[in-house]
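Enquirer: Could you have a look at this structure, given as C-alpha cells, before my questions?
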Amino acid sequence: MYHQPVLLTEVIDGLAIRPEGIYADATLGGGGHARAILEKLGPRGRLVGFDQDEDAWEQQPGDKRFTLVPENFRHLERFLKLHSALPLDGLLADLGVSSHQFDTAQRGFSTRYDAPLDMRMDRRSEFTAANLLRTWSEPELLQLFEQYGEVSNARTLARLLVQARRTHELDTIGALKAVLKPVIRGNPQRYLAQVFQALRIGVNDELEALRQLLVQAAKVIRPGGRLAVITFHSLEDRLVKQFIKTGSFGSSATADDRPVEKPFRPVTKKPVTAGPAELKTNNRARSAKLRIAERTGTQDSK
Ligand SMILES: C[S@@+](CC[C@H](N)C(=O)[O-])C[C@H]1O[C@@H](n2cnc3c(N)ncnc32)[C@H](O)[C@@H]1O
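Letter by letter, the sequence shown follows residues 1 to 302 in full-length UniProt numbering.
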C-alpha cells in the first residue's frame, strides 16, 4: 500500500466539510485523505491537491472535482488563485514523508537500506542529503542535528562529519553509517533515525515550508473555514500551536511573512492523537498530532 492515512476520521470530522465547499489538501501523498474529503463533497464541491513528489501525482483521484498542483505547498496561495479556488472552506496538511517514500530504498530516507543519500521529496531540486553533508558548515550541521534531530551529541557529530568529508565520499547511506559508528550513543537504530530525520528536514527545508503554509493559510481560508494540520515532530507541532494561538512565530517569522493578527481559533485545545485501534494497525500514527482551528475575522480581499 502506498500510504495508510492517519487520523482519517478525526481529520474529516475536524474539517466539518460543506458539500459545496472548496478544499485543499496540501500533502496529497497516496490520496487517502483526499478520497475521504471527496466522498463528503457534493457534485459542486472542489478539492485541490498539492504534492511536490512525482510518485504522488500518480495517486491522484480520478475525479473531475479534483485538481492536482504538482508543486511545493509553499506556493499555496499562488496556485489556488491560478485555479480560481479561493477562498477555501478548509485546508489539510499531513506533514512529513509518506510510507511509499520511506519504504522505497533508492529515495534514501530510511536507515534500513544502502542507497544514495538522496532524501529529496521533490526530485526536480538538485539539493540532496549528500550535497548538504558536503556543503553545510560545522555550525549549520550542529544546529541541524541539535534542533531537528534532537541528537544528544550534536557537536561531536557535526565535528566528525566535517573531518570525515575531507577523506570520505559521504554519498551513500552505507558510507554515512560507517563514519557515524564511533559517535553513536544509546540505541543505534534510534540514533540513526534522529540523524536521518534531521537531514531530511534540512534537505526539504520543511520548517520554513510549514511557516509559509501557515501564513498563507490565514489568507486563503474564509472566516469560519477550517485548518487541519498533522505533525510528526515536536518542532512542527510547536510552530502550528503557536501560529494558531498568536498568528505569528515569534522571532522566527521572516520579514515578508507578516502574520495576520490571531487569524485562527483553536477548535481542539489539545492535539488529537491516535486511539488504541489505530495504533494497533498503523505504527506511523504513534507520533501523529492533529490540530484543528477555525479561521476568525474578515478575509483579506486579495
Ligand atoms: C504523510 S504524506 C501524506 C499522505 C496523505 N495524507 C495520504 O492520505 O496518503 C506527505 C506527502 O506530502 C508531500 N509533501 C511534504 N512536504 C511538502 C511540501 N512542502 N509541498 C508539497 N508536498 C509536500 C510528500 O511528498 C508526501 O507525499
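We treat Cβ as the ideally placed atom computed from N, Cα and C, and that holds for glycine.
1) Is it the case that the CB of G96 approaches a heavy atom of ligand 1 more closely than 7 Å?
2) Rounded to the nearest angstrom, what separates T135 and R166 at their Cα positions?
3) Report buried or exposed for K187, applying the criterion of at least 16 other Cβ atoms within 10 angstroms of its Cβ.
4) Compare the beta carbon distance of A218 and N72 with 8 Å and say whether it is the shorter of the two.
5) Which residues in the same chain have their Cβ closer than 6 Å to the Cβ of residue 303, if we skip the five residues on either side of it in sequence?
6) Please say whether R120 and E54 have beta carbons closer to each other than 8 Å?
7) Should A285 and V11 be called a contact, given that it needs their Cβ atoms to be closer than 8 Å?
8) Can you tell me which of D63, T27, L38 and R65 puts its alpha carbon nearest to the alpha carbon of Q52?
9) Tell me whether H233 is buried or exposed, calling it buried when 16 or more other Cβ atoms sit within 10 Å of its Cβ.
10) Check whether the Cβ atoms of N282 and V6 sit closer than 8 Å, and answer yes or no.
11) Taking Cβ to Cβ, would you say R222 is nearer than 8 Å to L88?
12) How long is the line joining the alpha carbons of G32 and L86, rounded to whole angstroms?
Expert: Looking at the coordinates:
1) Position 96 of the sequence shown, counted from the first residue, corresponds to residue 96. Between ligand 1 and G96, a heavy atom-to-CB distance of less than 7 Å is present.
2) Numbered from 1 along the sequence shown, position 135 holds the residue referred to as residue 135. Numbered from 1 along the sequence shown, position 166 holds the residue referred to as residue 166. Each residue's alpha carbon lies about 11 Å from the other.
3) On the sequence shown, residue 187 is found 187 positions in, with the first residue counted as 1. Reading off the sequence shown, one finds Asn at residue 187, where the question assumed Lys. Exposed, because fewer than 16 other Cβ atoms sit within 10 Å of the Cβ of N187.
4) Taking the first residue of the sequence shown as 1, we reach residue 218 at position 218. Taking the first residue of the sequence shown as 1, we reach residue 72 at position 72. No, the Cβ-Cβ distance between A218 and N72 is not below 8 Å.
5) It is not possible to answer for residue 303, since the shown part of the chain is limited to 1 through 302.
6) Start at 1 with the first residue of the sequence shown, and residue 54 comes out as number 54. Start at 1 with the first residue of the sequence shown, and residue 120 comes out as number 120. The answer is no: Cβ separation not under 8 Å.
7) Counting from 1 along the sequence shown, the entry for residue 285 is found at position 285. Counting from 1 along the sequence shown, the entry for residue 11 is found at position 11. No, the pair does not count as a contact, with Cβ atoms beyond the cut-off.
8) Taking the first residue of the sequence shown as position 1, residue 52 is located at position 52. Closest option to Q52, Cα to Cα, is T27.
9) Working through the sequence shown from its first residue, we reach residue 233 at position 233. Under this definition H233 is a buried residue.
10) In the sequence shown, the residue the question calls residue 282 occupies position 282. In the sequence shown, the residue the question calls residue 6 occupies position 6. Taking 8 Å as the Cβ cut-off, N282 and V6 qualify as a contacting pair.
11) The sequence position of residue 222 within the sequence shown is 222, counting from 1. The sequence position of residue 88 within the sequence shown is 88, counting from 1. Yes. Within cutoff.
12) Stepping through the sequence shown from its first residue, residue 32 is reached at position 32. Stepping through the sequence shown from its first residue, residue 86 is reached at position 86. Rounded to whole angstroms, G32 to L86 spans 23 Å at the Cα level.
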